[in-house]
Each structure stands twice: as C-alpha cells, then as structure tokens.
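Okay, structure first, notes after.
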Amino acid sequence: MAGPRPPYYPLALLCIYYTLVLCIHLPCACASSFAFNFSTTEKSPCGTDLECRGDAFFANRMIELTKNDITRPSNDSKGRVWYASPVRLWDAGTNELASFATTFNFKITPVSSYITGDGMAFFLAPYSADVLNTTAVGGGNFGLLSDSDSFNATGNSSVVAVEFDTFHNYWDDSSQHVGIDVNSIRSKAWTNTSVLGKKAINLASDVMMIARINYDNRTKLLAVDLGINGSSYRVSHTVDLKSVLPEKVAIGFSAATGSAAELHRKRRRQTQLNIGGTSGSESDQDGEAVLLQRGVAGPRRYHYRELAAATGDFNDENKLGRGGFGSVYLGNIVQGDSDIKQVAVKKFSSETSSQGRKEFEAEVKIISRLRHRNLVQLLGWCDSTKGLLLVYELVPEGSLDKHIHNNSTLLSWSERYKIILGLGSALSYLHRDWDQCVVHGDIKPSNIMLDSSYNTKLGDFGLARLADHGTGPQTTATVLGTAGYIDPDFVNTRRRRTESDVYSFGIVLLEIVSGKPPVFQEPPFVLLKWVWSLHSQGAILDAADARLRGDEADEQQMERALVVGLWCTHHDPAQRPSIVEAMHVLQSQDAKLPVLPRHMYMLTAMPSVISMGESGVSDSSFSSGVRSSATTVTRRSSESFPN
C-alpha cells in the first residue's frame, strides 16, 4: 500500500488469470443465482453482470481496475469490481452463517527493478448502490476505506478483506505480505512473503500465484493460502462475519495506486452463483442449492432441459449403471457451435428424496472444491424441481469392479498395483493434504473409476464428511455405507473417522489382489476371514489370484498388499495405519512389513451372514440399518470360493 512518493516510477502489472471459483454453502437460504462469461466476448460485462466503479473498465476481454492510458498518469487511481447480485452471507430467519471458499490465480509483473505498489484486495462489504464509495487519497487503502475510516470502519463502510500488499506503509510490518483486514487497513493477521537478505520470490516476482480463501461457519476461521513458485504461505484469523457484515454482501476486488502506479488487470472466464432455498418455479429454477462457482476447471450449473436432451430424456439405452440413490447415464453435451463432450450424468431418484438431497449437497459442497489427479472431476450440477443431477467427466474404462469380476478380461498385476497406488494417493490427499480432512465414507471398487490408461479416479462423495485436521471423530445418527466394505467399528460406535476409510481401503486391497468380492452367499464366504486364515497358516500369498502369479517381484508386491490389507482392517482402529503409513509400506521394499498376530479376525465384529443377490447387498444384512449407497458387486454364480 503506497503512500506519497516520487511520481515517475515504472508501472507494475497485476493480472488475475483464468477464473475465480467461489463456493458458498448456506442452509435454508432463499435462491439467488447468476452467471457470466466475458473471456470470449468483446461486450463489456460492466453494468450487467458486474459493477465496475472508479477507474475500473473493460478492455481486451479484461477488467482493468486502475488507469491504463499512456496519455494520462496512472498514479492516484482506484477501481473496484463486484458481482452485480448481492450474496446472502447469513440468514436472518435461521441465524445460519454461510461457509465459503474461493480460488483464483494472479501475477504481478514489475517492468523494472524499481519499487512497486500497491497491490490489490479481495473483499466482502455491505451491498449497496455504490459499494465502498471512498474518498481515500493514495494507494494505502486499496480503495477499500476512506481516510477517516482507515482503522475503525463501521456501518456501510464495514469491510472484511484479504490484501496482497506490495508496499511498506507505516502501519505495515513488511513490504510484501498477505493480510486479513477487518474494518481496518491494519491487518488483524498477516504473513510475510519475502525473506530478508535474500532475493526472494514474492508477490512482485513475475510468477503465477494461486490464492485460496476459506471461511468455516462453525469455527469462524477465515484462512488464506497462497502458493508462489512452489512456496506456500498461510494466514488465518477468527472472525464472526455475522457480527461484522450485514445479511447481504457484495463480493469483489479493489485496487488503488498512490504517487507511483501499476496496472491492475482482472481476466475472468465463467463464474456462476447459486445459493439458497426453494424455488417456486416448476421448470429450470434452482432450489435449495449449495454452490457459488464456475471457473475453467470448476463445475457449472446446468438447466434440467440441457441434461434431459444430452441423455435422450434419460433413455435406458444410455444408462451406465444404477446405485442406491439413482442412476448414471451417458450424456452428450454440446459445447460451442459444434463440439460434443461426453459426460456421465447422475440422476438422483425421487424415492430417496431426503437422503438423496443430503448426498447431492455433500457431493457438490465437497468434491467441487477438491482438485487431484486421482479424483473424478465434477463438471456441473442441476437442482431443479424435476430432479437433482450431477455431471461428471466420463471415465472411459468404467468402474473397477467390472474389471476385477469379469472373467473375459484380466487386469495385469502392474495395472492393479497402479490402481492401488492411485487410490492411496487420493486418500492421502483427502485425509492429510487438503485444507480440511475429508472422510470419504464409501470406498469400494464400484466407486473407483478407471481412465483409458487405467489410472484411478475415485468418485461418489455422497457420504463424505468434512472435519478440521486434528479434531475427533464425528458421530452420525444414521449409519450408511456398503456391506462388506463398511468399518465394523463405525457400525458399532457411529463415529466416522479416517480409520473407517483405511478399513475400506484394506478390504479393497484384498479384493484387488484376490479377485474375490468381500462377501458371497453361495457358498457362504467372507474374504477377510479367508485371508486371515491363510495368514495364520503362513500361506497368505495363496490368496492372490492364481492368474497373476509367476513373477517373483510381482508376488512380493502382492504379499505386501495382502499384509497391508489385513493391517488396515485391524479390529482396533487405533492399531490401523494411517493411509500415509500404509502407502509407505506398499511402495518401499525397504519398509518392514507389520508383524500381525496369527489369529486376529474377530467374527463378532462383522455380520455372520451377509446376503447378496443379483442386485447387490441386501439392506437386511445389518441390524443397525446399514444400506448400500451405490451399486455393489453383482453375484457371479459361475465362481466358487473357499470357506
């Protein structure tokens, strides 16, 4: 934030590339939605989709936040851009506060080695006809606050912002930092992005950066993560937004320059918003949606009629499969003038409306925020009175269960091992590497998709739950999962935790290596019990699919996978490995295999009889009310299994 200084320093260029992806979840709010795209049009969105004030203007498919005219000086300039529609941050009727997350990429490029300033800010402020109409002089306030309100803003001047600061003012602690501002330009919390005494990579180093901003309505924690050239910076601050900001807010960006100048350019692709409650329309109006978003890589909202047309009105000939909460169809989405993109469209059935909506909201809320090569990509969604639908990337080789239990084709061991490592990588990301801990809740082969190179793509996040890292397990009123894969400890205690995913991961390991489903009725068979019996005889490798054996190196990997599978299914969750520990033993030949007792399988920890039929696991298998949430392994009467 630059104060007065000599007027002829060179410009620095700040560009926000690609897109802003912003997700908001607010239960029981009123519906509000908009969409815009100005990366492919010469028509200015200012005055329609966006409000552009001060020196902000549209040019060359970009939003310029400050002056950009070689015939005029660019110093003492300020501009703001915000979404034209107000965003409901909290609900006065229910007192519910929203959670939100946003991600954007940007670059600051100085044109010489001279001093730069001032930076930019992402903000939330009271929505009005003229958001943040300040009279501040210089760039120190980023155009957010008037001089009189700089350190104590109230009323319509209230603001919560994340600043990306490139100049050292007297109230700052460094010249390159990211800060969280609450009604004051003096940051409540900040982190330095440069290192003293070194030529550091920082905000003004001409490298592409990525910023992620998350707000949790339970903990009231506003957290900012910034990635610069492989280095990560994080700053967080606890703030009750409901006590600071009104029910409806404006969301946008602001920038300003002082005596020196820089250009602030903002390039956007497509952004979509939907928050809130129930729509009164019977057509394509969206009800009780949970998402504000859409970027180049983010999901978008579809109209029901689009997806009906794409799937031939959900014709059975296009049905790819059926699960506990609906069916999946092949769809052909028209992109641009003539391009066709094949997708998978999941339609929730009306018979499971209550639980189906919970799964729909969980999937949209969680998977739309996740980015990992081993996760199925959510492309879009539709919340219509005609139905709830999710649109996914089409993974060409289908689900893993169709390959493991298909006698006409055989997955090689190298392919199976790659699938195991991909699944472990996905779970490591969910459990440890993402901002919050994600417990998937339904790890099984029918939820593990394979691309054309047989890379793992984990999907179906309908039973997934979020938790802060380091917190205890969550207790759930209803136990949902798939028989054979669900953790017995979860069934007994109703406590959902990462150890439950690890248990399911262990069962999947045993299934991949052996080629056998976890339970089978004719004759009665429990895979876990069988592998433990072989382990107790010192013959665990006999559990491997005989068609895969013969190569000594492969057999060593199979044995490791079987032992790790048993380790993951230990009846005591405290004795199970984390997914990271399990992956270390799987991947490192130097890692010692865990020493497991010869007789650890406890029959009382699992149902003594698990019914399976042509359509999958019976709901009556568990007295606790466990039901199958998606398509389960289909019985193959042509095979027999040992007792």
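All letters in the sequence shown, in the order written, are residues -31 to -1, 1 to 612 by mature numbering (1 follows the signal peptide of the UniProt record, and there is no 0). Where is the CB? At the ideal position from N, CA and C, for every residue including glycine.
Looking at the unbroken alpha helix (DSSP H) that takes in residue i, where does it start and where does it end?
{"i": "M552", "result": "I548 to Q556"}
{"i": "W501", "result": "L496 to S505"}
{"i": "T462", "result": "P457 to T462"}
{"i": "S394", "result": "W382 to S397"}
{"i": "Y273", "result": "Y273 to A279"}
{"i": "S212", "result": "L210 to V213"}
Figure out for me which residue from the options has the closest Cα to the Cα of residue i.
{"i": "L432", "options": "G441, R466 and S422", "result": "R466"}
{"i": "I309", "options": "R342, V407 and E275", "result": "E275"}
{"i": "V532", "options": "D60, W501 and Y52", "result": "W501"}
{"i": "S353", "options": "Y273, N416 and N64", "result": "Y273"}
{"i": "H540", "options": "L555, L565 and Y298", "result": "L565"}
{"i": "A25", "options": "F222, A70 and M178", "result": "F222"}
{"i": "G475", "options": "G325, N284 and D456", "result": "D456"}
{"i": "S473", "options": "P487, T462 and R464", "result": "P487"}
{"i": "S205", "options": "L479, N183, V460 and V128", "result": "N183"}
{"i": "I336", "options": "G439, L359 and V482", "result": "L359"}
{"i": "T162", "options": "K485, H146, R385 and R155", "result": "H146"}
{"i": "H400", "options": "A225, H438 and T425", "result": "H438"}
{"i": "G519", "options": "K315, A224, K288 and W382", "result": "W382"}
{"i": "V129", "options": "S421, V208 and T72", "result": "V208"}
{"i": "S54", "options": "Y96, W350 and G534", "result": "Y96"}
{"i": "L191", "options": "R529, T71 and G300", "result": "T71"}
{"i": "I388", "options": "R545, I417 and N125", "result": "I417"}
{"i": "E216", "options": "E65, C15, H341 and F317", "result": "E65"}
{"i": "N356", "options": "G391, G290 and F283", "result": "The displayed chain sequence assigns Gly, not Asn, to residue 356. The residue with the shortest Cα to Cα distance from G356 is F283."}
{"i": "S318", "options": "S296, E328 and S13", "result": "S296"}
{"i": "G428", "options": "A94, K485, D402 and L396", "result": "L396"}
{"i": "V482", "options": "G534, S469 and E468", "result": "G534"}
{"i": "T451", "options": "D134, E521 and V477", "result": "V477"}
{"i": "D150", "options": "V131, A277, T135 and F136", "result": "V131"}
{"i": "K327", "options": "S421, A224, N186 and L449", "result": "L449"}
With burial defined as no fewer than 16 other Cβ atoms inside 10 Å of the residue's Cβ, what is the status of residue i: buried or exposed?
{"i": "Q304", "result": "exposed"}
{"i": "H568", "result": "exposed"}
{"i": "V549", "result": "exposed"}
{"i": "P414", "result": "buried"}
{"i": "P542", "result": "buried"}
{"i": "I39", "result": "The pLDDT assigned to I39 is 41, lower than 50, so where the model puts this residue is not dependable; a value taken from the coordinates is nonetheless given after this. Exposed, since its Cβ has fewer than 16 Cβ neighbours within 10 Å."}
{"i": "P268", "result": "buried"}
{"i": "D559", "result": "exposed"}
{"i": "residue 649", "result": "Residue 649 lies beyond the range of the chain shown here (-31 to 612); nothing can be said about it."}
{"i": "L562", "result": "exposed"}
{"i": "N343", "result": "buried"}
{"i": "D458", "result": "buried"}
{"i": "S577", "result": "Reliability fails at S577, whose pLDDT of 32 lies under 50, so the model's placement of it is uncertain and the value that follows must be treated cautiously. Looking at its Cβ environment, which holds fewer than 16 other Cβ atoms inside 10 Å, S577 is exposed."}
{"i": "Q311", "result": "exposed"}
{"i": "T63", "result": "exposed"}
{"i": "Q525", "result": "exposed"}
{"i": "R338", "result": "buried"}
{"i": "K235", "result": "Because the pLDDT at K235 is just 42, under 50, the model does not fix this residue reliably, and the point stays unresolved."}
{"i": "R516", "result": "exposed"}
{"i": "V345", "result": "buried"}
{"i": "L441", "result": "Reading off the sequence shown, one finds Gly at residue 441, where the question assumed Leu. Exposed, since its Cβ has fewer than 16 Cβ neighbours within 10 Å."}
{"i": "G88", "result": "buried"}
{"i": "M17", "result": "One point to set straight first is that residue 17 is Thr, not Met, in the sequence displayed. Classification of T17: exposed, given that the 10 Å Cβ count is below 16."}
Can you name the start and end residues of the beta strand (DSSP E) that residue i belongs to?
{"i": "V482", "result": "V482 -> not in any beta strand (DSSP E); alpha helix (DSSP H) instead, spanning T467 to S483."}
{"i": "K315", "result": "D308 to F317"}
{"i": "L449", "result": "Taken as a continuous stretch (DSSP letters only), L449 belongs to no beta strand (DSSP E), as it is neither H nor E."}
{"i": "K413", "result": "Here K413 belongs to no beta strand (DSSP E), and DSSP marks it neither H nor E."}
{"i": "W51", "result": "K47 to Y52"}
{"i": "E132", "result": "V129 to D134"}
{"i": "K426", "result": "T425 to L427"}
{"i": "V407", "result": "C406 to V408"}
{"i": "A67", "result": "No beta strand (DSSP E) holds A67; DSSP gives it neither H nor E."}
{"i": "Y298", "result": "G295 to Q304"}
{"i": "C15", "result": "C15 -> no beta strand (DSSP E), and no H or E assigned at all."}
{"i": "R291", "result": "K288 to G292"}
What residue ranges within the stretch 323 to 378 form continuous alpha helix (DSSP H) runs of no fewer than 4 residues, ordered along the chain? 369 to 373
Runs of 4 residues minimum, wholly inside the stretch 510 to 543: which ones carry the alpha helix (DSSP H) assignment? 521 to 537
Which whole runs of the alpha helix (DSSP H) in the stretch 140 to 199 are 4 residues long or more, in chain order? For the stretch 140 to 199, not a single whole alpha helix (DSSP H) run of length 4 or above is found.
Taking contact to mean at least 3 C-beta pairs separated by less than 8 Å, is the stretch 443 to 450 in contact with the stretch 483 to 502? Contact fails: fewer than three Cβ-Cβ distances are below 8 Å.
Are the stretch 421 to 440 and the stretch 400 to 410 in contact at 8 Å, needing three or more beta carbon pairs? yes
Is there contact here, the stretch 168 to 187 with the stretch 196 to 208, by at least three beta-carbon pairs under 8 Å? yes
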